[in-house]
Amino acid sequence: MEFRKELEVSKILIGGKVEESVVEIRYDPLTLQTSRVVRKGISLKSEGFEEEIESTKSWCPFCEERIESMVSRDPEIMKGEIWRRGECRAFSNLIPYSRYSLVLRLTEKHFLRPSEFKETHFFDAFKLVQDYINMLPNDKFFITVGMNYLKPAGSSIMHPHIQFLVSENSPDYFARLDWSALEFMESNRKDFWLALLDREKGGERYIGRTKKTEWISAFAPKGLMHVIGIPEEREFAKMSDDQLYGFSEGIVKILNYYETKGFNSFNFAFFCADKLGEHFRTNFHIVARTPFGKFYWCDVFFPKILQDESVVFFAPEDYAKELREIW
Ligand SMILES: [Zn+2]
């Protein structure tokens, strides 16, 4: 396993002085996909968006008073029912992205600050996802559980919700992880994620532990403040309550940290090992997005959308250190 990075030094003339900036091009240790770490601060100021909260609340299909009449249902596995657990409601995505495609509404409240999410919000949704996976036909599927929160993260609906995608065809990066992990297993006789933990534990990118879960910052971040969660238990559907709770605990800690840094928008995704094979371990990724506000900007610009290379403004070793201190 290699943690390769290349440095480029750029000079700028500013205020009559020449200033040098170092740009780091980092290679992901599993897929070799590159990310650029540009250590230049960006403004995280966000203007209020009270108006947006109020106006979206007036038509939101995920608010309790509209959910029964407005959401679409899954006629197959869920037999047209809405599944419920705590505040969570599970139903079909009106815009399906794969063979099986659900939305899990997380909270009764229409809008939450990141620090207002509770472990049970995520835990209840993960339990419903498990129920669904256990009812799937016995075929090979690529299973993703992901979340977009607020517009900078790509969410069209403000109300907190998770998406659950079960596809017969692998998403591009999922395929890369799958092949690379298989190759890694063949030459190292250990799954990549356990090997990664062996390397990172106690190091400058190690953050800490929650129940059955270890947390590290990504060497080659795919987004701002990219953190990875690695579970003891390999397959999502077979995870114990302790394991699912460990994930929920870690997510809540990270969201609290994001808020202290001025972030309010984020994405996360699980790449689930279910139905893949011993070489694959479920792995979890979370990134902050530029803060939502009236005049927000998007941190996914041409390098990412067209060249598939992330550009980030925070070094993983720096935020891992801060997270470690509050963990
Ligand atoms: Zn709502």
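For the sequence shown, position 224 (counting from the first letter as 1) is numbered 1438 according to my numbering, and the numbering increases by one without interruption. We treat Cβ as the ideally placed atom computed from N, Cα and C, and that holds for glycine.
Proximal residues to residue i (C-beta, below 6 Å), its chain only, five neighbours per side dropped
| i | result |
| --- | --- |
| F1450 | C1486, D1488, T1496 |
| D1288 | S1306 |
| L1379 | Y1311, S1312, S1315, T1358 |
| H1373 | C1274, F1276, H1324 |
| F1336 | S1462, I1465 |
| T1424 | G1460, E1463, G1464 |
One or two residues paired with residue i in a DSSP bridge
| i | result |
| --- | --- |
| I1376 | L1318, M1361 |
| N1481 | N1362, V1501 |
| Y1420 | I1430 |
| A1304 | W1297, L1318 |
Separation of residue j from residue i, as counted between CA atoms
| i | j | result |
| --- | --- | --- |
| N1352 | I1291 | 13 Å |
| L1342 | R1303 | 9 Å |
| F1494 | E1261 | 42 Å |
| E1536 | G1422 | 11 Å |
| F1528 | F1506 | 18 Å |
| S1462 | V1252 | 30 Å |
| K1254 | I1226 | 13 Å |
| Y1420 | R1280 | 43 Å |
| N1383 | I1347 | 16 Å |
Residue range of the unbroken alpha helix (DSSP H) whose run includes residue i
| i | result |
| --- | --- |
| E1197 | Because the chain spans 1215 through 1541 in this model, residue 1197 falls outside it and cannot be assessed. |
| S1283 | 1278 to 1284 |
| I1371 | It is not in any alpha helix (DSSP H) - I1371 carries neither H nor E in the DSSP assignment. |
| K1545 | Because residue 1545 is not part of the residues shown, which for the chain are 1215 to 1541, the question remains open. |
| I1226 | Element bounds for I1226: not the alpha helix (DSSP H) but the beta strand (DSSP E), 1219 to 1228. |
Cutoff 7 Å; reference residue i; Cβ partners in own chain excluding five residues on either side
| i | result |
| --- | --- |
| N1362 | G1368, S1369, N1481 |
| E1473 | R1327, P1328, S1329 |
N- and C-terminal bounds of the beta strand (DSSP E) containing residue i
| i | result |
| --- | --- |
| T1621 | Since the first residue of the chain shown is 1215 and the last is 1541, residue 1621 is not available in this structure. |
| Y1346 | Where Y1346 is concerned, there is no enclosing beta strand (DSSP E), although the alpha helix (DSSP H) it sits in stretches over 1333 to 1348. |
| K1231 | 1231 to 1241 |
Closer than 5 Å is what we want: which residues have a beta carbon that near any heavy atom of ligand 1? List them in chain order. C1274, F1276, C1277, H1324, H1373
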